[in-house]
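The opening position of the sequence shown corresponds to residue 1 in the numbering used here, with each subsequent residue numbered one higher. Positions of the beta carbon are idealized from the N, C-alpha and C atoms, including for glycine. One structure is given below, encoded as structure tokens.
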Amino acid sequence: MTIELLNSAATVGTFVVIAASAIAALIQLRHMSAGNQLDAILSLERDFRGEAIQNALRYVQTELPEKLKSPAYRRELEIRGFIDSRVHVELDACNWFNTMGGLLKNGLVSERTFMDLFGRLIVYYWLALSPVIALMRRERGSVQYHDFEYLAVRAKLWLARNPDGRFPANTPREQLPDPFIET
Numbered sequence: 001m002t003i004e005l006l007n008s009a010a011t012v013g014t015f016v017v018i019a020a021s022a023i024a025a026l027i028q029l030r031h032m033s034a035g036n037q038l039d040a041i042l043s044l045e046r047d048f049r050g051e052a053i054q055n056a057l058r059y060v061q062t063e064l065p066e067k068l069k070s071p072a073y074r075r076e077l078e079i080r081g082f083i084d085s086r087v088h089v090e091l092d093a094c095n096w097f098n099t100m101g102g103l104l105k106n107g108l109v110s111e112r113t114f115m116d117l118f119g120r121l122i123v124y125y126w127l128a129l130s131p132v133i134a135l136m137r138r139e140r141g142s143v144q145y146h147d148f149e150y151l152a153v154r155a156k157l158w159l160a161r162n163p164d165g166r167f168p169a170n171t172p173r174e175q176l177p178d179p180f181i182e183t
């Protein structure tokens, strides 16, 4: 075997080792990214199930519509300074949705997974909270809760594309018994 042939074989061998290393690194990066997204989704789910967010969401559903009838309550939302979230519990929900929007906007969570879990919830609460945000934007501008707005727009688009969710097409659906249909 000549030195040139040996040198060529070593060069090809080196290339194969480097290419295999690069492929392994890409696979590892993909797994790490999936793990990070899973951690983010699980963290959001944990926050969603937590007492603070559940109380805020319940408040938005049960008390906020009545509170918004009060001019004094609405004025508190219009001010430029500090708004007490102990009085305006809806801000806890706004802040949580805004954080979720920032994560989605910056690609830290997969939109497909995220919207499959939270899409309908986002649209519901955007509609419920948009009067609050409109009041706050009078003095604070459109930047106020803009990541929540982004999240709501993306959720509406996702729901338009997936009106029945993302149930796998090749999987049969279960027929649920409905014992109360007659009542």
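Check: Can you tell me whether residue 165 is buried or exposed, with buried defined as 16 or more other CB within 10 angstroms of its CB?; Outcome: exposed
Check: Whole angstroms are fine: how far does the CA of residue 126 sit from the CA of residue 86?; Outcome: 21 Å
Check: Can you find the residues in the same chain that come closer than 6 Å, C-beta to C-beta, to residue 116, ignoring five residues on each side of it along the sequence?; Outcome: 166
Check: Indicate the three-state DSSP secondary structure (helix, strand or coil) for residue 184 in the structure shown.; Outcome: Residue 184 lies beyond the range of the chain shown here (1 to 183); nothing can be said about it.
Check: Please determine, among 59, 134 and 179, the residue with the shortest C-alpha to C-alpha distance to residue 93.; Outcome: 59
Check: Provide the residue span of the alpha helix (DSSP H) that contains residue 146, from first to last.; Outcome: 146-161
Check: Assign residue 50 to one of two classes, buried (16 or more other C-beta atoms within 10 Å of its C-beta) or exposed (fewer than that).; Outcome: exposed
Check: Just the Cα atoms here: how many angstroms apart are residue 103 and residue 109?; Outcome: 6 Å
Check: Thinking just about the alpha-carbon of each residue, which of 157, 77, 111 and 70 is nearest to the one in residue 141?; Outcome: 77
Check: By alpha-carbon positions, which one of 74, 159 and 124 ends up nearest to residue 138?; Outcome: 74
Check: Answer yes or no: do residue 89 and residue 40 have a C-beta to C-beta separation smaller than 7 Å?; Outcome: no
Check: Let me know if residue 122 comes out buried or exposed under the rule of 16 or more other beta-carbons within 10 Å of its beta-carbon.; Outcome: buried
Check: Taking residue 69 as the reference, give the member of 144, 119, 112 and 132 with the closest Cα.; Outcome: 132
Check: Determine, using beta carbons only, whether residue 107 and residue 150 come nearer to each other than 7 Å.; Outcome: no
Check: Could you compute how far the alpha carbon of residue 170 sits from the alpha carbon of residue 47?; Outcome: 33 Å
Check: Would you report the Cα separation of residue 147 and residue 84, rounded to the nearest angstrom?; Outcome: 21 Å
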